[in-house]
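Worksheet: the structure to be examined is printed underneath.
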Amino acid sequence: DKGKRRARYALGMALLSALAALGFLVAFIIVLADPEEAADMHLCILYDSRAACLGENVPRRWYNLTVAELGAWPCEWDDAALVTESPCVNPKCEDGDVLHDNQLRIVCEFHLLLFWIV
4 DKGKRRARYA
14 LGMALLSALA
24 ALGFLVAFII
34 VLADPEEAAD
44 MHLCILYDSR
54 AACLGENVPR
64 RWYNLTVAEL
74 GAWPCEWDDA
84 ALVTESPCVN
94 PKCEDGDVLH
104 DNQLRIVCEF
114 HLLLFWIV
C-alpha cells in the first residue's frame, strides 16, 4: 500500500512537472515577437562614444546589413543629453510596445530559470 502511494506521488509529480514545462513553453511561444523585432531593437544605450553610436566601430558588413534592413543606422547621438541619460538613443525604441514585450520575456525567462533551479 505504501509503495503504491509513493508510485502515485512520483507519477503525480512527474505529471505536474511536465505540465509546468508545457506551460512555460506555451508562455514563450505566446510572448515571442516576430523575427523583425531584432532589427527594430538595437541596444544603443550601451554605446558610450559618438563613433560607436553612429556605427563607425561595428564591422562594415554588420553596418551594411543593418542599413539595408532598416534603411538607416538606428542609433543617434544626442549632444544635448543630460549627464543622467544615455547620449546614444534609438528614437524608435518604444514603437510597437517593444519594451513591454521585452519585459514580458525577461519575466518568463526568470520564471523558467527558477523552475529549473528549484
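Note that this note's numbering numbers the sequence shown so that position 111 is 114, with each residue one more than the last. Positions of the beta carbon are idealized from the N, C-alpha and C atoms, including for glycine.
Along the alpha helix (DSSP H) that carries residue i, what are the first and last residues, could you check?
| i | result |
| --- | --- |
| residue 73 | 63–73 |
In this structure, how does DSSP classify residue i when only helix, strand and coil are distinguished?
| i | result |
| --- | --- |
| residue 56 | helix |
| residue 88 | coil |
| residue 119 | helix |
Rounded to the nearest angstrom, what separates residue i and residue j at their Cα positions?
| i | j | result |
| --- | --- | --- |
| residue 81 | residue 48 | 11 Å |
| residue 77 | residue 87 | 21 Å |
| residue 119 | residue 20 | 10 Å |
| residue 44 | residue 121 | For residue 44, the predicted model reports a pLDDT of 46, less than 50, meaning its position is unreliable and no value from the coordinates is stated. |
| residue 106 | residue 30 | 13 Å |
| residue 25 | residue 7 | 27 Å |
| residue 51 | residue 69 | 20 Å |
Are residue i and residue j closer than 9 Å when you measure CB to CB?
| i | j | result |
| --- | --- | --- |
| residue 122 | residue 111 | Since the first residue shown for the chain is 4 and the last is 121, residue 122 is missing from the structure and cannot be characterised. |
| residue 66 | residue 58 | yes |
| residue 79 | residue 94 | yes |
| residue 27 | residue 85 | no |
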